[in-house]
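Colleague: Provided herewith is a single structure, encoded as C-alpha cells, for subsequent inquiry.
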Amino acid sequence: MPEEIKLLPAGKREAEKGRVPVGVIVGLGAAGATAIGLGLWLLTRRPKEPEPPEPGMANLYGTVINTQTKKGIPGAMVTLADATVYTDSSGAYIHEDLTPDNYTITIDAEGYESKHFSVYLAEGNNELDVELIPAGLEAEFHCGVWDSLTHEPVANALVRLDGPETREQRSNEWGDASFYDLPAGDYTVTISMADYQTLLEA
C-alpha cells in the first residue's frame, strides 16, 4: 500500500500542523520490501568507549553497520591514512594513538558499496559509526498525496527524491507517484504543489 502523504493548504498550518509528518527518514530497501516513515529498529549495541589515549593523541572507534538490517558487519576493513583495522564479530573497530588531524577514511566489506570520506580527529576519543549499503541493491518508492483538509487526492503534485540518485515526477489523478529501480539508501522526499505548503521529509 502506498505511503499516504497529506499536503497542507497554504495558511492552514496552525490548524492542521499536527497532521504534517516532520523529520521522517525514508530508507529504501530491496524491491518489494520498501521501508518508509517512522520506524523502530533494533540497533547494534554500541561499542564500549575505549580508554582515553595519551594526552595530545586521538582514538577513532565505532561500528560498521548494514544500512538495511541495522546490524554490525564483521570483517569490514577500516583504513585511516595508511593504517588498516578490521571490525570484530559485532562490527566494532578502533584506531588508536593517532595524531589529531584531518584524515581520509575508507570502509570496505565484501558484498557492500565502499565508503570514502574525510574526517577530523580531535584529541581524545572520537566515535564514528558508518552504514554500508549492500552492493547492487535496488528499491522502489510509492506514495500517495492527499489534501489534509478534504482528504481528496492531489493530482499533478511534484514529488522529488534526493539521495543516491535524484528523481522527480508528478502525482497521477489518484494522487499516486511511484519510482522504480532506485539505488538503495536514504532519501529526502520533497512534495510541492501550487496553493499548498511544500512538504519536506528528510
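Here the sequence shown stands for residues -12 to 189, where the numbers follow the working numbering. Using N, Cα and C, we set each Cβ at its ideal position, and we do this for glycine too.
With 16 other CB atoms within 10 Å as the buried threshold, where does G123 fall?
Modeller: Numbered from 1 along the sequence shown, position 136 holds the residue referred to as residue 123. Exposed, since its Cβ has fewer than 16 Cβ neighbours within 10 Å.
Colleague: Between K102 and Q184, what straight-line distance do the alpha-carbon atoms span, to the nearest angstrom?
Modeller: Within the sequence shown, numbered from 1, the residue matching residue 102 stands at position 115. Within the sequence shown, numbered from 1, the residue matching residue 184 stands at position 197. Their backbone Cα atoms lie some 36 angstroms apart in a straight line.
Colleague: Among the residues of its own chain, which have a CB less than 7 angstroms from the CB of N158, if the five just before and after it don't count?
Modeller: Position 171 of the sequence shown, counting from 1, holds the residue named residue 158. One detail in the question is off: residue 158 reads as Ser in this sequence, not Asn. V132, V141, A142, N143, A144, V146 and A164.
Colleague: Kindly identify the DSSP beta-bridge partner or partners of H82.
Modeller: Here the question's residue 82 lines up with position 95 in the sequence shown. According to DSSP, which records beta bridges pairwise, H82 is partnered with L47.
Colleague: Is the distance from the Cβ of A63 to the Cβ of G78 below 8 angstroms?
Modeller: Position 76 of the sequence shown, counted from the first residue, corresponds to residue 63. Position 91 of the sequence shown, counted from the first residue, corresponds to residue 78. Yes, they are a contact pair.
Colleague: Using CA atoms only, rank isn't needed, just tell me which of P42, P151 and E139 is closest to G162.
Modeller: By 1-based counting over the sequence shown, the position of residue 162 is 175. For G162, the nearest C-alpha among the options comes from E139.
Colleague: Drop a sphere of 10 angstroms on the beta-carbon of A192, count the other beta-carbons inside from all chains shown, and report buried for 16 or more, exposed for fewer.
Modeller: Outside the displayed range of the chain (-12 to 189) lies residue 192, so it cannot be described from this structure.
Colleague: Report the residue from T86, G59, S76 and Q55 whose alpha carbon sits nearest the alpha carbon of L67.
Modeller: Residue numbering aside, residue 67 sits at position 80 when the sequence shown is read from its first letter. The shortest C-alpha separation from L67 is found at T86.
Colleague: Can you say whether A70 is buried or exposed, counting buried as having 16 or more other CB atoms within 10 angstroms of its CB?
Modeller: Residue mapping note: residue 70 aligns to position 83 of the sequence shown, counting from 1. So A70 counts as exposed.
Colleague: Look up V146 in the DSSP assignment and give the residues it is bridged to.
Modeller: For the purposes of this step, residue 146 is taken as the residue at position 159 of the sequence shown. Its beta-bridge partners are Q156 and I178.
Colleague: Have a look at K58, P37, N112 and A45 and flag the residue whose alpha-carbon is nearest the alpha-carbon of P121.
Modeller: As a first step, residue 121 must be located in the sequence shown, where it is residue number 134. Closest by alpha carbon: K58.
Colleague: For A181 and N112, I'd like the C-alpha separation in whole angstroms.
Modeller: Here the question's residue 181 lines up with position 194 in the sequence shown. Here the question's residue 112 lines up with position 125 in the sequence shown. Approximately 49 angstroms, taken between the alpha carbons.
Colleague: The beta strand (DSSP E) spanning Y167 covers which residue range?
Modeller: The count along the sequence shown starts at 1 and reaches residue 167 at position 180. Counting along the chain, the beta strand (DSSP E) containing Y167 begins and ends at D163 to P170.
Colleague: What's the call for S135, buried or exposed, on a 16-neighbour Cβ count within 10 Å?
Modeller: Locating residue 135 in the sequence shown gives position 148, where the first residue counts as 1. Answer is buried; the Cβ neighbour count reaches 16.
Colleague: Considering only heavy atoms of the ligand ATP, does any lie closer than 7 angstroms to the CB of L67?
Modeller: In terms of ligand content, the structure shown is empty, and the ligand ATP therefore cannot be addressed.
Colleague: Name the two residues that bound the continuous beta strand (DSSP E) containing I92.
Modeller: Residue numbering aside, residue 92 sits at position 105 when the sequence shown is read from its first letter. Taken as a continuous stretch (DSSP letters only), the beta strand (DSSP E) holding I92 covers D88 to D95.
Colleague: Please report the distance separating the alpha-carbon of P37 from that of N46.
Modeller: Mapped onto the sequence shown, residue 37 falls at position 50. Mapped onto the sequence shown, residue 46 falls at position 59. Using only the alpha carbons, I get a separation of about 8 angstroms.
Colleague: Tell me the residue span of the beta strand (DSSP E) that contains E125.
Modeller: In the sequence shown, counting from the first residue as 1, residue 125 sits at position 138. Unbroken beta strand (DSSP E) run through E125: E125 to D134.
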